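J.: Could you have a look at this structure, given as structure tokens, before my questions?
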Amino acid sequence: MGFDPGFVFSQLINPMTLLLMSFGAIFGIIMGAIPGLTGTLGIALLLPFTFGLDPTSGLLMLGAVYCGSEYGGSIPAILINTPGTNAALCTTFDGHPMAKKGMAQEALNTALIVSIVGGFFGMITLVFLSVPLAKISMKFGAPEEFWLAIFALTIISGLSSGNVIKGVISGFFGLILGCVGMDPVTGVPRFTFGTLQLMGGVNIIPTLIGLFAIPQALILLCGKGQSSVAQFNPKKGVFIGTVIQILKRWKVLIQSCVVGLIVGIMPGAGGNIATFIAYSEAKRFSKKPEEYGTGIYEGVIAPEACNNSVVGGSQIPLLTLGIPGSPPAAVLLGALMVHGLQPGFKLFSQNGNIVFTYMIGLFVANLLILLYGSVLVRMFVRVLQVPRKFIIAAIICLAIAGSYAIRTAPIDVFNMMVFGIVGYFLIKFGFGVAPMALGLILGKMTEEGFKLSLLIGQAKGGVVAYFFSRPASIVLICLTVASLIYSFYQEHRKGKKTNEN
Amino acid sequence: MKTKTADKYLSVFVALGCYFLIGQLEGVPVEGRIFPSAVLWLIIIACGVLFAQSLLKKVKKDSHFELWENGSFPIWLVIVVIFVSFVVGIFYIGFFTCAFLSSLLVPTILSKKDWRASLRINFLFASGLVIVFYLFFVVLMKVRFPEALLI
Numbered sequence: 001m002g003f004d005p006g007f008v009f010s011q012l013i014n015p016m017t018l019l020l021m022s023f024g025a026i027f028g029i030i031m032g033a034i035p036g037l038t039g040t041l042g043i044a045l046l047l048p049f050t051f052g053l054d055p056t057s058g059l060l061m062l063g064a065v066y067c068g069s070e071y072g073g074s075i076p077a078i079l080i081n082t083p084g085t086n087a088a089l090c091t092t093f094d095g096h097p098m099a100k101k102g103m104a105q106e107a108l109n110t111a112l113i114v115s116i117v118g119g120f121f122g123m124i125t126l127v128f129l130s131v132p133l134a135k136i137s138m139k140f141g142a143p144e145e146f147w148l149a150i151f152a153l154t155i156i157s158g159l160s161s162g163n164v165i166k167g168v169i170s171g172f173f174g175l176i177l178g179c180v181g182m183d184p185v186t187g188v189p190r191f192t193f194g195t196l197q198l199m200g201g202v203n204i205i206p207t208l209i210g211l212f213a214i215p216q217a218l219i220l221l222c223g224k225g226q227s228s229v230a231q232f233n234p235k236k237g238v239f240i241g242t243v244i245q246i247l248k249r250w251k252v253l254i255q256s257c258v259v260g261l262i263v264g265i266m267p268g269a270g271g272n273i274a275t276f277i278a279y280s281e282a283k284r285f286s287k288k289p290e291e292y293g294t295g296i297y298e299g300v301i302a303p304e305a306c307n308n309s310v311v312g313g314s315q316i317p318l319l320t321l322g323i324p325g326s327p328p329a330a331v332l333l334g335a336l337m338v339h340g341l342q343p344g345f346k347l348f349s350q351n352g353n354i355v356f357t358y359m360i361g362l363f364v365a366n367l368l369i370l371l372y373g374s375v376l377v378r379m380f381v382r383v384l385q386v387p388r389k390f391i392i393a394a395i396i397c398l399a400i401a402g403s404y405a406i407r408t409a410p411i412d413v414f415n416m417m418v419f420g421i422v423g424y425f426l427i428k429f430g431f432g433v434a435p436m437a438l439g440l441i442l443g444k445m446t447e448e449g450f451k452l453s454l455l456i457g458q459a460k461g462g463v464v465a466y467f468f469s470r471p472a473s474i475v476l477i478c479l480t481v482a483s484l485i486y487s488f489y490q491e492h493r494k495g496k497k498t499n500e501n
Numbered sequence: 502m503k504t505k506t507a508d509k510y511l512s513v514f515v516a517l518g519c520y521f522l523i524g525q526l527e528g529v530p531v532e533g534r535i536f537p538s539a540v541l542w543l544i545i546i547a548c549g550v551l552f553a554q555s556l557l558k559k560v561k562k563d564s565h566f567e568l569w570e571n572g573s574f575p576i577w578l579v580i581v582v583i584f585v586s587f588v589v590g591i592f593y594i595g596f597f598t599c600a601f602l603s604s605l606l607v608p609t610i611l612s613k614k615d616w617r618a619s620l621r622i623n624f625l626f627a628s629g630l631v632i633v634f635y636l637f638f639v640v641l642m643k644v645r646f647p648e649a650l651l652i
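Protein chains in written order, with the working numbering: chain A, 1 to 501; chain B, 502 to 652.
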């Protein structure tokens, strides 16, 4: 469970690692800043390029994309009243009114500073909570691994698509995709339709690129045109003034960080829900709640500190149990797996250096975001004005080049193409692509857990008892049922609200 | 098409697809068959629930599923055709030729104003993109893209 501080330090001061993290941070901010593009897409597009890198640098680059995109979402939220990411929706409530008052720079600085504070808060907790949680995962056997995968699937299915049943169908199809190829036990091909290229199974990375990049590019076609950007003329001395204003509101900052952290740790909840809770709690505790929505600092501090705190929180179940709480975390799970890193106790015991470098490196990534966010802010504002037609063309080229660059195999490009088109229809019909991606990532682990449990259960003389009666299994089954019931309840409430409106 | 109607058709289509896939598992020993067939049966059950849900759903305002946006020519389909041609084309006319053509075509087609007016800027964009890709992938990452068979 240990790590070598010398290794971690040497990795973090390595110029190449810093360069990759810088690239990841800038790329992430741009991805977050362009409405319609997401951190998930950013991570999926950069995933193939981590193949040629050592796992630590590759993961740090992807982590920087994730952190950067969370901050980037606030830029269009403040300047054009359009959230760059879903989690930045609450930032529009006060961020844009601030910009309209001529305080765009103050709002952007606030978003940047509190994002970093929120990021630090999440990372500190990640470092301290992950080891004890990973120790719990050590007690997991085959049935627990199976139920854990099912739990992760039900969470993502429930929250990432509008309809729980459709999400479940999408997730189960992902599991079937994980079965394609030669069965490891019997050596018999399954669902290959006689194609030799499918014998090795469906390659995860081109599939992720296809599922996340191409549908996003096609959906951008239906988006609105360019919005007008609020007046933004940076002045000197505003940064210090903003820091003082934030320090005066330290209670809101701490409260929002805690909310983000707690919601982030709960698998599946994610930044979208967390920011709404943080904003409403800040408003509830305020002495002047009527001022919210008029353009006040608190209205930017609450959602922005919260959504960056979620990043650290959401990686706790990801690294310790292998449960991704959000679509970006699901893609990060894929990245861990393609680098041969299995989340859980083994990750901390066998690859302690890598995982601790990753966790501590995220602090550096946040510092880089602070640096680039303040220095390159003019460039990020300009990015908002790039026409969508160019973004769409660039995404298509990058998706094709990236999927081919993995191992220069034509099948990967065709794989990406097929899942790109399938992904578009999945989104159009309300199935969501994240459950399918997660199903594919967890497919092998789920099948192995299922088969092993069956075999051990048969040997012990009671398959059902072995599957359902172990304490950890019972907890996971209860969580799975609870998450499904919660998702159905949410769906029912949403449907009721829509009808009422 | 209403979402309810689309759900009905989809549930039947997906269930039939799963039934077909279960048939594909014939001849696979039970150890290799049990998990995928269990999952496929679960999908069929979920499709049954989706079908029932779409029958029983009482919504005052059902959203409409539109593939043809506003009844106009489906622009997404044009982009998909360019995308598929790009993927197939890289093995015949080379990656960079395809990248140039597609990154010129996509912005030109999506230009809201007169396409001739935007051709110059689109040409500059396509050339720039190809140069950046060449420097990044070929020079820096040493990726060998498929060579043009026809050129």
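Beta carbons are placed, not taken as given, at the ideal position from N, Cα and C, and that holds for glycine.
As the structure is a prediction and not an experimental result, all values here were calculated from the model.
Using the three-state DSSP reduction, which class does Gly432/A fall into: helix, strand or coil?
T.: Here residue 432/A refers to the residue found at position 432 of the first sequence. In the structure shown, Gly432/A sits in coil (DSSP, three-state: anything other than H, G, I, E or B).
J.: By the 7 Å beta-carbon criterion, what residues does the segment 610–633 of chain B contribute toward chain A?
T.: Under the 7 Å Cβ criterion, the segment 610–633 of chain B contributes Leu611, Ser612, Phe626, Leu630.
J.: Expressed to the nearest angstrom, what Euclidean distance is found between the alpha-carbon atoms of Pro48/A and Arg407/A?
T.: Against the first sequence, residue 48/A aligns to sequence position 48. Against the first sequence, residue 407/A aligns to sequence position 407. Approximately 9 Å between the Cα atoms of the pair.
J.: Helix, strand or coil for Met16/A, going by three-state DSSP, please let me know.
T.: To locate residue 16/A, count along the first sequence from 1; it is residue 16. Three-state result, Met16/A: helix.
J.: Are there three or more Cβ pairs, one per stretch, closer than 8 Å when the segment 123–136 of chain A is compared with the segment 102–115 of chain A?
T.: Not touching, per the Cβ criterion.
J.: Can you say whether Arg645/B is buried or exposed, counting buried as having 16 or more other CB atoms within 10 angstroms of its CB?
T.: If you number the second sequence from 1, residue 645/B lands on position 144. Under this definition Arg645/B is an exposed residue.
J.: Whole angstroms is fine: what's the gap from Val506/A's alpha carbon to Pro317/A's?
T.: Missing from the structure shown is residue 506/A; chain A here goes from 1 to 501 and no further.
J.: Alpha carbon to alpha carbon, how far is Ile396/A from Trp542/B? Give it in angstroms, no decimals.
T.: For the purposes of this step, residue 542/B is taken as the residue at position 41 of the second sequence. For the purposes of this step, residue 396/A is taken as the residue at position 396 of the first sequence. Cα to Cα, the separation comes out at about 36 Å.
J.: Can the beta-carbon of Gly119/A be found closer than 9 Å to that of Ser309/A?
T.: Taking the first residue of the first sequence as position 1, residue 119/A is located at position 119. Taking the first residue of the first sequence as position 1, residue 309/A is located at position 309. Result yes, Cβ atoms of Gly119/A and Ser309/A sit closer than 9 Å.
J.: In angstroms with no decimal places, state the Cα-to-Cα distance between Ile209/A and Ile580/B.
T.: In the first sequence, the residue the question calls residue 209/A occupies position 209. In the second sequence, the residue the question calls residue 580/B occupies position 79. Going from the Cα of Ile209/A to the Cα of Ile580/B covers about 17 Å.
J.: Chain A beta carbons: is any one of them nearer than 9 Å to that of Ile594/B?
T.: Numbered from its first residue, the second sequence carries residue 594/B at position 93. Chain A, which has no Cβ nearer than 9 Å to the Cβ of Ile594/B, makes this no.
J.: Could you compute how far the alpha carbon of Gln342/A sits from the alpha carbon of Leu336/A?
T.: Counting from one through the first sequence, the residue named residue 342/A turns up at place 342. Counting from one through the first sequence, the residue named residue 336/A turns up at place 336. Near 7 Å, if we compare the C-alpha coordinates of Leu336/A and Gln342/A.
J.: Could you check what DSSP says for Arg534/B in three-state terms: helix, strand or coil?
T.: Along the second sequence, one-based indexing puts residue 534/B at 33. Three-state result, Arg534/B: helix.
J.: Under 9 Å between the Cβ atoms of Leu211/A and Ile391/A?
T.: As a working note, residue 211/A is residue 211 in the first sequence. As a working note, residue 391/A is residue 391 in the first sequence. No.
J.: How is the alpha helix (DSSP H) around Cys90/A delimited, first residue to last?
T.: In the first sequence, residue 90/A corresponds to position 90, counting from 1. Here the alpha helix (DSSP H) through Cys90/A covers 89–100.
J.: Trp147/A: buried (16+ other C-beta within 10 angstroms of its C-beta) or exposed?
T.: One-based indexing of the first sequence puts residue 147/A at position 147. Flag for Trp147/A reads buried.
J.: Note down, in chain order, each residue of its chain lying with its Cβ closer than 7 Å to the Cβ of Val355/A, except the 5 sequence neighbours on either side.
T.: On the first sequence, position 355 is the one that residue 355/A refers to. Leu319, Leu347, Phe348, listed in sequence order.
J.: Thinking Tyr372/A and Ile214/A are a contact (beta carbons under 8 Å), I'd like their distance in whole angstroms, please.
T.: Position 372 of the first sequence, counted from the start, is the residue given in the question as residue 372/A. Position 214 of the first sequence, counted from the start, is the residue given in the question as residue 214/A. Not quite, the Cβ-Cβ distance comes to about 28 Å (not below 8 Å), so this is no contact.
J.: Can you tell me which of Lys428/A, Gly430/A, Val381/A puts its alpha carbon nearest to the alpha carbon of Pro76/A?
T.: As a first step, residue 76/A must be located in the first sequence, where it is residue number 76. Of the listed residues, the one whose Cα sits closest to Pro76/A is Val381/A.
J.: Hey, Val65/A and Gly42/A: beta-carbon distance below 9 Å or not?
T.: As a working mapping, residue 65/A is identified with position 65 in the first sequence. As a working mapping, residue 42/A is identified with position 42 in the first sequence. Yes, the pair counts as a contact, with Cβ atoms nearer than the cut-off.
J.: Ile576/B touches chain A at which residues, Cβ-Cβ below 7 Å?
T.: Within the second sequence, residue 576/B is the residue found at index 75, counting from 1. Within 7 Å Cβ-Cβ: Leu221.
J.: Output yes if chain A places a C-beta closer than 9 Å to the C-beta of Val640/B; else output no.
T.: Within the second sequence, numbered from 1, the residue matching residue 640/B stands at position 139. No, its Cβ sits nowhere closer than 9 Å to a Cβ of chain A.
J.: Counting only C-beta atoms, is Glu290/A closer than 9 Å to chain B at any point?
T.: Taking the first sequence and counting its residues from 1, one reaches residue 290/A at position 290. No, its Cβ sits nowhere closer than 9 Å to a Cβ of chain B.
J.: Note down, in chain order, all residues in the segment 167–181 of chain A with a beta-carbon under 8 Å from any beta-carbon belonging to chain B.
T.: Within the segment 167–181 of chain A, the qualifying residues are Val168, Ile169, Phe172, Phe173, Leu175, Ile176, Cys179.
J.: Under 7 Å Cβ to Cβ from Leu438/A, same chain only, skipping five residues before and after it: list those, please.
T.: Walking along the first sequence from the start, residue 438/A turns up at place 438. Answer for Leu438/A: Ala152, Leu153, Ile156, Gly171, Gly174, Pro324, Ala330, listed in chain order.
J.: Taking only beta-carbon atoms, is Val513/B less than 9 Å away from chain A?
T.: Start at 1 with the first residue of the second sequence, and residue 513/B comes out as number 12. No, Val513/B lies away from the interface with chain A (no Cβ there is under 9 Å from its Cβ).
J.: Look up Cys519/B in the DSSP assignment and say whether it is helix, strand or coil.
T.: Taking the second sequence and counting its residues from 1, the one referred to as residue 519/B is at position 18. If DSSP states are grouped into helix, strand and coil, Cys519/B belongs with the helices.
J.: Does Lys389/A come out as helix, strand or coil in the three-state DSSP assignment?
T.: One-based indexing of the first sequence puts residue 389/A at position 389. Reduced to three states, the DSSP call for Lys389/A is helix.
J.: Considering just the uninterrupted stretch of the alpha helix (DSSP H) at Ala409/A, what are its terminal residues?
T.: The sequence position of residue 409/A within the first sequence is 409, counting from 1. Here Ala409/A belongs to no alpha helix (DSSP H), and DSSP marks it neither H nor E.
J.: What residue from Ser403/A, Met61/A, Ile421/A has the CA that sits closest to Ile591/B's CA?
T.: Locating residue 591/B in the second sequence gives position 90, where the first residue counts as 1. Among Ser403/A, Met61/A, Ile421/A, the Cα nearest to that of Ile591/B belongs to Ser403/A.
J.: For chain A, check one thing: does any of its Cβ atoms lie closer than 9 Å to the Cβ of Gly533/B?
T.: As a first step, residue 533/B must be located in the second sequence, where it is residue number 32. Gly533/B counts as touching chain A.
J.: I'd like to know whether the C-beta of Val413/A is nearer than 9 Å to at least one C-beta of chain B.
T.: Here the question's residue 413/A lines up with position 413 in the first sequence. Yes, Val413/A lies at the interface with chain B (some Cβ there is under 9 Å from its Cβ).
J.: Would you kindly work out how many angstroms separate the C-alpha atoms of Ala401/A and Arg249/A, rounded to a whole number?
T.: Counting from one through the first sequence, the residue named residue 401/A turns up at place 401. Counting from one through the first sequence, the residue named residue 249/A turns up at place 249. So the alpha carbons of these two residues sit roughly 47 Å apart.
J.: On the CB-based measure, 16 or more other CB atoms within 10 Å of its CB, does Pro471/A come out buried or exposed?
T.: The residue given as residue 471/A occupies position 471 in the first sequence. With fewer than 16 other Cβ atoms within 10 Å, it is exposed.
J.: Based on the DSSP secondary-structure assignment, which residues constitute the bridge partners of Met182/A?
T.: As a working mapping, residue 182/A is identified with position 182 in the first sequence. For Met182/A, which the question treats as bridged, DSSP gives the partners Pro189/A.
J.: Taking C-beta pairs closer than 8 Å, name the residues in chain B that Met417/A reaches, listed in chain order.
T.: Here residue 417/A refers to the residue found at position 417 of the first sequence. Phe584, Val585, Val588, listed in chain order.
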